[in-house]
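**Student:**
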Amino acid sequence: MKNVTIIGSGRVATHLGIALEDKGAIIHEVYSRHLKNAKVLAKKFYDAVSVDHLDFSKSEAEIFIIAVSDTAIEEVAKDIILPKHRCILVHTSGATPMEVLANYHVLTGVFYPLQTFSMEKKVDFKQVPLCIDGTSKSVLDVLASLAVRITPKVYHINSEERKKLHISAVFACNFTNHLLEVSSQLVKNAGLELNDLKHLVNETVDKAFSLPTPKDGQTGPAVRGDVKTIHRHEKELQKDFPEFLSMYQLMTDAIMQKQGNYISADQILAFDQESDEIEEDNSTTDFDEDEDDLEE
């Protein structure tokens, strides 16, 4: 089976559709609720028709790929009208159970690329793991034959495993990207640009994948149990970026516990109070008297 219809016109639909057609699949239709969006994507394919309805009773496609937001998948599954010939309905979500489709159709599956997509950046699918699942062995065989067209990294992952995999991807991708956004604001406050952190970030990622575990490459004040530096960081964040303070504390606490250098909140609080007392003592010292003493 290589006759495909794409349900959706966003990033996943675009990259997946292009990758499949480049490897010999025939894209018959592109669906979007907004016809103009379907037309934009359909123009990227050799002979695809753009539609804004879900009646595919006359379609020649054999595999229908739902590449829409997770919240819209079940609505599409419920409303779509498939042709009477043998065809398979799949979705591309990492978080949605296959049963969402199986409740409405017999031959269903999952075609989940483990990748983040942007319209502006081309994806090398040969490096992308593609996770498949199906309601029967025959469905799995069809999806596997389609998947290997675009990547050698094809895995049969069931819904429970895929849920765990998706959580892992959220940590590895979404949270990492957000931390880089936080870093970009902090580094600009220091007079530099995010790009100045690029070598540091690349080295960190390289170590994470070359050492036995990422834990082995962890560095920083939390690993050392350096409460003094942590305290200074917290005070600086409280002054300039209070919205990032709780995140800093959460990450620091997690690293300390993972590395076995855990310091309790009471210990940090005691250090904070001690530091404040030292600063207060310094602020009340009469330096004029000291200078007079030196002159004598």
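Every letter in the sequence shown is one number past the one before it in full-length UniProt numbering, and letter 113, counting from 1, is 113.
A virtual CB, placed ideally from N, CA and C, is assigned to each residue, including glycine.
#1: Quick check: the segment 125-136 against the segment 152-165, are there 3 or more CB pairs under 8 Å?
#2: Distance check for E120 and V12, CA to CA, integer angstroms please.
#3: Take the Cβ of E99 as the centre, count every other Cβ of all protein chains shown within 10 Å, and call the residue buried at 16 or more, exposed below.
#4: I think V4 touches I65, with their Cβ atoms under 8 Å apart; what is that distance to the nearest whole Å?
#5: What does the alpha-carbon distance come out to for the pair N177 and R86?
#6: Would you mind reading off the limits of the alpha helix (DSSP H) that contains F209?
#7: Find the nearest neighbour of K215 within the set I255, L194 and D196, judged by alpha-carbon distance.
#8: Would the beta-carbon of S184 fall within 8 Å of that of L194?
#9: Alpha carbon to alpha carbon, what distance is there between K207 and L200?
#10: Can you say whether G134 is buried or exposed, counting buried as having 16 or more other CB atoms within 10 angstroms of its CB?
#11: Can you tell me which residues form a DSSP beta bridge with N189?
#12: Output the distance between the C-alpha atoms of A67 and D52, rounded to the nearest integer angstrom.
#13: What three-state label does DSSP hand Y46 in the structure shown?
#14: Among A42, E181 and E203, which one has its Cα closest to the Cα of H34?
#15: Hey, how far is the Cα of D141 from the Cα of D240?
#16: Based on the DSSP output, what are the partners of C173 in its beta bridges?
#17: Which one or two residues does DSSP pair with F111 in a beta bridge?
#18: May I ask you to report which of helix, strand or coil DSSP gives V76?
#19: Find the nearest neighbour of K2 within the set R224, N202 and A147, judged by alpha-carbon distance.
#20: Could you give the DSSP three-state label for T96: helix, strand or coil?
#21: Would you mind sorting P212 into buried or exposed? The rule is 16 or more other CB atoms within 10 Å of its CB.
**Tutor:** In this structure, then:
#1: yes
#2: 12 Å
#3: exposed
#4: 6 Å
#5: 42 Å
#6: K198 to S210
#7: I255
#8: The Cβ atoms of S184 and L194 lie closer than 8 Å to each other.
#9: One C-alpha to the other measures close to 11 Å.
#10: buried
#11: Bridge partners of N189: none, in fact.
#12: Counting only the Cα atoms, D52 lies some 14 Å from A67.
#13: Y46 falls in the coil class under three-state DSSP.
#14: Among A42, E181 and E203, the Cα nearest to that of H34 belongs to A42.
#15: 56 Å
#16: According to DSSP, which records beta bridges pairwise, C173 is partnered with nothing at all.
#17: I132
#18: helix
#19: A147
#20: coil
#21: exposed
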